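First residue of the sequence shown: 5, per the numbering used here; consecutive thereafter.
All C-beta atoms in this analysis are idealised placements derived from N, C-alpha and C, irrespective of residue type, glycine included.
These numbers come from a predicted model, not from an experiment.
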Amino acid sequence: MTIDPFGSLAASHPRARFDKMTRRNNHPGSRFSMKLVIHPPVDDVRLERICEAAGEMAVVNAVNPEEAAAEIIDATAFFGKITPELLSVAGQLEWVQAPTASLEHYVFDELVAHPCTLTNMRGLYYDVIADHV
Numbered sequence: 005m006t007i008d009p010f011g012s013l014a015a016s017h018p019r020a021r022f023d024k025m026t027r028r029n030n031h032p033g034s035r036f037s038m039k040l041v042i043h044p045p046v047d048d049v050r051l052e053r054i055c056e057a058a059g060e061m062a063v064v065n066a067v068n069p070e071e072a073a074a075e076i077i078d079a080t081a082f083f084g085k086i087t088p089e090l091l092s093v094a095g096q097l098e099w100v101q102a103p104t105a106s107l108e109h110y111v112f113d114e115l116v117a118h119p120c121t122l123t124n125m126r127g128l129y130y131d132v133i134a135d136h137v
């Protein structure tokens, strides 16, 4: 596992379209060579923004652990709470984005041994914390 605290989603793609029925980003001519699985699911507003930023990448907003397990098999990226069960079936996973700044309660032995890159939300909350102080 490689830890990259400054990872982020791809830049916005103006031609991306969002399909709520499949929860996938359907770009004309897309081959979906990369896939992002999100679990737990995000709300429709966030999902639409992610799909726009993802460009030609397929995006699956998994509504339950079973769907996440079925979709992560060929996924290249994951956003959310990865579990040992999900990681064990992830055959092509290259990147895991943690939804938190802290990783001490997120990391487990199988994830440490996995060759994927793990990124977190470090730095995202600096302004909020500074304003609070």
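Contained beta strand (DSSP E) runs [length at least 3] in the region 52-109, N- to C-terminal order: 62-65, 81-84, 99-101
Residues bridged to His43 (per DSSP): By one-based count along the sequence shown, residue 43 stands at place 39. Looking at the DSSP assignment, His43 forms a beta bridge with Gly84.
Start and end residues, alpha helix (DSSP H) containing Val116: Here residue 116 is taken as the residue at index 112 of the sequence shown, counted from 1. Run containing Val116: 113-117, per the alpha helix (DSSP H) assignment.
Through-space distance from Pro45 to Asn68, alpha-carbon basis: Numbered from its first residue, the sequence shown carries residue 68 at position 64. Numbered from its first residue, the sequence shown carries residue 45 at position 41. Taking the straight line joining both Cα atoms gives about 8 Å.
Rounded C-alpha distance that separates Met25 from Glu108: For the purposes of this step, residue 25 is taken as residue 21 along the sequence shown, with counting starting at 1. For the purposes of this step, residue 108 is taken as residue 104 along the sequence shown, with counting starting at 1. Residue confidence for Met25 is low, a pLDDT of 33 falling below 50, so the modelled location carries little weight; the figure read from the coordinates is stated next. Rounded to whole angstroms, Met25 to Glu108 spans 36 Å at the Cα level.
Length of the line joining the Cα atoms of His118 and Ala58: Working through the sequence shown from its first residue, we reach residue 118 at position 114. Working through the sequence shown from its first residue, we reach residue 58 at position 54. Cα to Cα, His118 sits roughly 24 Å from Ala58.
Beta-carbon proximity list for Ala81, same chain, < 8 Å, skipping 5 on both sides: Position 77 of the sequence shown, counting from 1, holds the residue named residue 81. For Ala81, where only same-chain residues beyond five positions count, the Cβ hits under 8 Å are Met38, Lys39, Leu40, Val41, Met61, Leu97, Glu98, Trp99, Val100, Gln101.
Rounded C-alpha distance that separates Val64 from Glu52: Reading the sequence shown from its first residue, position 60 is the one you call residue 64. Reading the sequence shown from its first residue, position 48 is the one you call residue 52. Between Val64 and Glu52, the C-alpha separation is close to 11 Å.
Where Met25 sits in the DSSP three-state scheme: The count along the sequence shown starts at 1 and reaches residue 25 at position 21. Note that Met25 scores a pLDDT of 33, beneath 50, so its modelled location is shaky; the value from the coordinates is reported in the next line. Met25 falls in the coil class under three-state DSSP.
Straight-line gap, Leu90 to Glu114 (C-alpha atoms, nearest Å): Your numbering for residue 90 matches position 86 in the sequence shown. Your numbering for residue 114 matches position 110 in the sequence shown. Each residue's alpha carbon lies about 11 Å from the other.
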